[in-house]
Amino acid sequence: MTKMTLKTEGDTHIIVTRRFAAPPEAVYRAHTDPKLIQKWLLGPEGWTMPVCINEARPGGKIRYEWTNGKGGAFHLTGEYLELEPYRRIVHVERMYLPDPTPDNHIETRFDADGTGTLMTMRMTLPDAQTRAAMLATGMERGMEASYVRLEGMI
Amino acid sequence: MSSTRLNLDAAFSALADPTRRAILARLAKGETTVLELAKPFDMTQPAISQHLKVLEDAGLIVRRVEGTKRPRRLAKAGIEALDQWLAMLRRTLEKNYDRLDEVLATIDRHKKGETR
């Protein structure tokens, strides 16, 4: 029931879906309340988010800074475009690694699904090339492909 | 090993071509000569060499000199750097959502606690 799906649409979209046991209000809050975001939007084990700016209003800024406490750090910036409380969020974001990644335009929907929520995230990359790059590294078929490839290099 | 410097833009452009993705997939299995790399494709060796140059310039593959041969292999640093942000998405999402499940369960418990 909680399994995540990830598929492509057209030339530039990536669609992610995930079911949650909580109602849309709670899932939406967990995406817009900095105190809640800092508890889960952390990436790999051992990382924390000391800086979490999330101005949940149209034009509001997003800035997340992560650290692993051992000198590793990176950050993300973004801007909110539209918000429909408990239903839908539209924002744009890019990561700095340290060079900025291409802008990712993301529409996130929170639909009631029984007593839970079906969340659908629709990412739009700037062009087919950028998405092709994502697919080429095995995103479409899952990470197995990527791990197999890394093993092949060692 | 020749030095590799990943150029993200060049790497994305390089990966946008299906032949070059197929070449990378083949190289994932190990070092390969240009002749072997050209085999599965209906292409001349110069055409393959051109694709290899694009991949090399993008920091995704490296060459080695072995007599008259120039076998190619994946540039670990380049591929890893690309993977760092490309793979981050899926891996991070899965991990994050597992954690979010726990956060949501906590909120739910608090709520129930408050109404009692």
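Protein chains in written order, with numbering that gives the first Met the number 0: chain A, 0 to 153; chain B, 0 to 115. We put the CB at the ideal spot given by N, CA and C, even for glycine.
Among the residues of its own chain, which have a CB less than 7 Å from the CB of residue 55(A), if the five just before and after it don't count?
31, 79, 82
Please list, in chain order, the chain A residues whose beta carbon lies closer than 8 Å to that of residue 93(B).
3
Can you have a look at residue 0(B) and say buried or exposed, based on whether 16 or more other CB atoms are within 10 angstroms of its CB?
Note that residue 0(B) scores 33 on pLDDT, short of 50, meaning its location in the model is unreliable and no value can be drawn from it.
Assign residue 2(B) to one of two classes, buried (16 or more other C-beta atoms within 10 Å of its C-beta) or exposed (fewer than that).
Only weak support exists for where residue 2(B) lies, its pLDDT of 36 falling under 50; the value from the coordinates is given anyway. By the 10 Å Cβ count, residue 2(B) comes out exposed.
Member of 59(B), 49(B), 27(B), 44(B) whose CA lies at the smallest distance from the CA of residue 77(B):
59(B)
Nearest-angstrom Cβ-Cβ length linking residue 92(B) and residue 3(A), presumed shorter than 8 Å:
6 Å
Quick one: is residue 43(A) near chain B, going by C-beta distance under 8 Å?
yes
For the structure I just gave you, are there three or more beta carbon pairs, one from the region 18-38 of chain B and one from the region 46-66 of chain B, closer than 8 Å?
yes
List, in order along the chain, the chain B residues whose C-beta lies closer than 7 Å to that of residue 161(A)?
Residue numbering for chain A in the displayed model covers 0 to 153; residue 161(A) lies beyond these limits and cannot be assessed.
Compare the C-beta of residue 123(A) with all C-beta atoms of chain B and state if any pair is closer than 8 Å.
no
DSSP on residue 110(B), reduced to helix/strand/coil?
helix
Grouping DSSP H, G and I as helix and E and B as strand, with all else coil, what is residue 11(B)?
helix
Less than 8 Å between CB atoms is the rule here; does residue 72(A) satisfy it with respect to chain B?
no
Closer than 7 Å at the beta carbon, the chain B residues around residue 129(A)
11
Same chain, Cβ closer than 6 Å to residue 75(A), five either side skipped, listed in chain order
63, 92, 94
Using a Cβ-Cβ cut-off of 8 Å, state whether residue 91(A) counts as contacting chain B.
no
Please report the straight-line C-alpha distance between residue 40(A) and residue 65(B), rounded to a whole angstrom.
48 Å
Within 10 angstroms of the Cβ of residue 101(B), are there 16 or more other Cβ atoms? Answer buried if so, exposed if not.
exposed
Where does the unbroken beta strand (DSSP E) through residue 60(A) begin, and where does it stop?
60-66
With a threshold of 8 Å between beta carbons, is residue 107(B) in contact with chain C?
Reference to chain C is not applicable here, since the protein chains of this structure are A and B.
Inter-residue Cα distance where the pair is residue 72(B) and residue 12(B):
19 Å
If you draw a straight line from the alpha carbon of residue 56(B) to that of residue 26(B), how long is it in whole angstroms?
16 Å
Contact list for residue 29(A) against chain B, beta-carbon separation under 7 Å:
99, 102, 103
Can you tell me whether residue 182(A) is buried or exposed? The criterion is at least 16 other CB atoms within 10 Å of its CB, across all chains shown.
Because chain A spans 0 through 153 in this model, residue 182(A) falls outside it and cannot be assessed.
Bounding residues of the alpha helix (DSSP H) (the contiguous stretch that carries residue 49(A)):
Unbroken run through residue 49(A) is the beta strand (DSSP E), 47-53; no alpha helix (DSSP H).
Would you mind reading off the limits of the alpha helix (DSSP H) that contains residue 34(B)?
33-37
Chain B partners of residue 15(A), CB-CB under 8 Å?
92
Which listed residue (35(A), 66(A), 28(A)) has its alpha carbon closest to that of residue 44(A)
66(A)
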